[in-house]
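Number of protein chains: 2
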Amino acid sequence: MEKGNIKISMAVIRRLPKYRRYLEELLDKGIDRISSRELSKIIGFTASQIRQDLNNFGGFGQQGYGYNVAALYEEIGKILGLDNRYSTIIVGAGNLGQAIANYTNFEKSGFIPKAMFDINPRLIGLRIRDIEVMDSDKMEEYIKENNIDIGIICTNKERAQDVADQLIRSNIKGIWNFAPTDLDIPENVMTENVHLSESLYTLSFLLKHNSLE
Amino acid sequence: MEKGNIKISMAVIRRLPKYRRYLEELLDKGIDRISSRELSKIIGFTASQIRQDLNNFGGFGQQGYGYNVAALYEEIGKILGLDNRYSTIIVGAGNLGQAIANYTNFEKSGFIPKAMFDINPRLIGLRIRDIEVMDSDKMEEYIKENNIDIGIICTNKERAQDVADQLIRSNIKGIWNFAPTDLDIPENVMTENVHLSESLYTLSFLLKHNSLE
Numbered sequence: 001m002e003k004g005n006i007k008i009s010m011a012v013i014r015r016l017p018k019y020r021r022y023l024e025e026l027l028d029k030g031i032d033r034i035s036s037r038e039l040s041k042i043i044g045f046t047a048s049q050i051r052q053d054l055n056n057f058g059g060f061g062q063q064g065y066g067y068n069v070a071a072l073y074e075e076i077g078k079i080l081g082l083d084n085r086y087s088t089i090i091v092g093a094g095n096l097g098q099a100i101a102n103y104t105n106f107e108k109s110g111f112i113p114k115a116m117f118d119i120n121p122r123l124i125g126l127r128i129r130d131i132e133v134m135d136s137d138k139m140e141e142y143i144k145e146n147n148i149d150i151g152i153i154c155t156n157k158e159r160a161q162d163v164a165d166q167l168i169r170s171n172i173k174g175i176w177n178f179a180p181t182d183l184d185i186p187e188n189v190m191t192e193n194v195h196l197s198e199s200l201y202t203l204s205f206l207l208k209h210n211s212l213e
Numbered sequence: 001m002e003k004g005n006i007k008i009s010m011a012v013i014r015r016l017p018k019y020r021r022y023l024e025e026l027l028d029k030g031i032d033r034i035s036s037r038e039l040s041k042i043i044g045f046t047a048s049q050i051r052q053d054l055n056n057f058g059g060f061g062q063q064g065y066g067y068n069v070a071a072l073y074e075e076i077g078k079i080l081g082l083d084n085r086y087s088t089i090i091v092g093a094g095n096l097g098q099a100i101a102n103y104t105n106f107e108k109s110g111f112i113p114k115a116m117f118d119i120n121p122r123l124i125g126l127r128i129r130d131i132e133v134m135d136s137d138k139m140e141e142y143i144k145e146n147n148i149d150i151g152i153i154c155t156n157k158e159r160a161q162d163v164a165d166q167l168i169r170s171n172i173k174g175i176w177n178f179a180p181t182d183l184d185i186p187e188n189v190m191t192e193n194v195h196l197s198e199s200l201y202t203l204s205f206l207l208k209h210n211s212l213e
């Protein structure tokens with residue numbers, strides 16, 4: 001992809017949050033600078049991979065000094081767009097939707113849940129923290145009136161495409177999909193899928209082939 | 001990695017569940033054979049990538065015929081170890097733990113939740129479907145007595161390493177970790193981390209750089 005002067009592969013993009021997470025742990029420990037070699041030991045990527053990845057965004061490191069942890073953490077946050085604030089809604093107020101609504105770390109990173117939506121009358125009217133569960137019928141209007149950026153789909157597989165269609169009609173900018181299916185979404189709406197079963201099946205593979213040793 | 005005659009990169013392993021998911025959708029639609037080119041259009045990998053990936057496990061495809069969807073689906077399931085059954089426990093009975101306990105698809109794939117554990121007295125004794133929430137104090141004994149294979153960590157970041165240490169002491173075979181931290185786990189215990197924030201931050205990157213166009 002090539003956007004806003006940044007030409008960069010999805011593989012690199014997907015490594016950036018990992019760098020940021022490890023840098024945050026270093027900051028918590030009071031470590032203020034680190035070499036690509038030391039970083040390599042912690043993260044598990046090679047030092048040359050790390051230098052190459054970070055060079056994509058201008059050279060942060062200095063020969064013989066390494067990386068300034070706070071500056072690099074900050075800069076990666078900006079590249080990831082974490083200096084922005086995003087209004088979000090959660091569609092599907094079951095356990096998973098509630099777990100996400102309750103997880104305040106996303107809010108600290110700038111993703112502000114404004115409302116939840118469900119079709120189940122028993123859930124409509126509930127509040128998770130201060131986030132109200134509203135009737136899904138009101139969703140399209142709510143998104144437009146409140147300039148919602150991201151729709152988080154926490155429904156079952158069967159409802160997910162209908163929900164996505166509603167979100168798209170309401171001019172949502174991004175969709176974070178937890179339903180175990182790939183949705184049909186136009187290219188101008190950014191999408192990330194979380195397929196939990198893929199992670200579980202990878203674990204299953206590792207268990208099976210480990211026990212064959 | 002090289003285990004049980006299979007020498008294969010983690011990148012290929014991680015693509016297998018995706019193949020399986022798309023093959024399942026084809027089966028649902030009654031499609032019984034498919035070429036690597038058609039598969040490529042659906043999955044988005046190149047046809048040559050697909051042929052190369054699947055050749056790792058013996059040539060399933062036949063020139064001019066393509067792949068037998070049901071046979072390939074079955075075979076990938078076996079490679080992933082989905083012909084096995086795994087006993088699991090869920091540690092942390094909050095919303096996320098309950099969401100996983102309620103998600104019966106994992107059970108259909110052979111991952112059987114036997115018990116949940118929590119330290120919160122208000123949750124102990126609850127039942128999610130027929131899965132009892134027990135006191136975390138009883139966890140190590142329970143794992144050993146019931147031959148539990150996989151521990152699913154759904155606690156907060158702060159408790160996660162302690163829980164992992166308990167699981168390891170109880171000779172658990174695998175850990176599926178949802179806590180937003182990387183755990184210190186010996187190499188003989190297979191581990192998969194689900195870092196939801198990495199997915200969300202990738203979406204954030206896409207939103208930021210899309211809007212710069």
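Chains as they are written, first to last, in the UniProt record's numbering: chain A, 1 to 213; chain B, 1 to 213.
All residues carry an ideal CB built from backbone N, CA and C; glycine is no exception.
For K18/B, the three-state secondary structure derived from DSSP is helix. With contacts defined by Cβ atoms closer than 8 Å, I124/B and M134/B form a contacting pair. Flagged as an interface residue toward chain A: R14/B, by a C-beta distance shorter than 8 Å.
Around the beta carbon of N95/B, 16 or more other beta carbons lie within 10 angstroms, which makes this residue buried. The shortest CA-to-CA distance from K114/A to any of R14/A, S35/A, Y19/A and N147/A is the one to N147/A. Bridge partners of N193/A according to DSSP: N177/A. Taking a contact as a CB-CB distance under 8 Å, the pair I89/A and I152/A counts as one, their CB atoms being some 7 Å apart. For D135/A, the beta-bridge partners assigned by DSSP are D118/A. Here DSSP, grouped into helix, strand and coil, assigns T104/A to helix.
For I150/A, the chain B residues whose Cβ falls inside 8 Å of its Cβ are L203 and L207, in order along the chain. Collapsing the DSSP output to three states places S9/B in coil. Contact of L72/A with chain B is not assigned, every C-beta pair being separated by 8 Å or more. Closest in alpha carbon position to N56/A, among G110/A, Y22/A and S9/A, is S9/A. For Y65/B, there is no enclosing beta strand (DSSP E), as DSSP marks it with neither H nor E.
A straight-line Cα-Cα distance of about 29 Å links N102/A and I168/B. Relative to the Cα of N193/B, the nearest Cα in the group E187/B, Y201/B and T181/B belongs to T181/B. Collapsing the DSSP output to three states places I90/A in a strand. Within the same chain, Cβ atoms closer than 6 Å to the Cβ of I131/B are found at A101, P113 and M116, the five residues on either side in sequence being excluded. Our two residues, L27/B and R21/B, have alpha carbons roughly 10 Å apart in a direct line. In terms of beta-carbon proximity, Q166/A stays away from the interface with chain B, with every pair separated by 8 Å or more.
Within the same chain, Cβ atoms closer than 7 Å to the Cβ of E24/B are found at Y73, the five residues on either side in sequence being excluded. The beta carbon of Q161/A is closer than 7 Å to those of L183 and D184 in its chain, skipping five residues each way along the sequence. Distance between N171/B and Y201/A, taken at the CA atoms: about 21 Å. Nearest in C-alpha terms to R51/B, of all of D83/B, F178/B and V12/B, is V12/B. Its chain contains L16, Y19 and R20 as the residues whose beta carbon lies nearer than 6 Å to that of I76/A, once the 5 sequence neighbours on both sides are disregarded; these appear in chain order. In the assembly as shown, K41/B is an exposed residue. Its beta-carbon has fewer than 16 other beta-carbons within 10 Å. In the DSSP annotation of this structure, the continuous segment of the beta strand (DSSP E) that includes I153/A starts and ends at I150 to I153. Only residues of its own chain outside the window of five on either side were considered, and among them S40 have a CB closer than 7 Å to the CB of T46/A, listed in chain order. In this structure, the CA atom of G64/A is about 15 Å from the CA atom of D32/A. Sequence-distant Cβ neighbours of S109/B in its own chain, meaning closer than 7 Å and more than five residues away, are L82. At a Cβ-Cβ threshold of 8 Å, D149/A and Y67/A do not count as neighbours.
Take the alpha-carbon of P186/B and the one of P121/A: they are about 47 Å apart.
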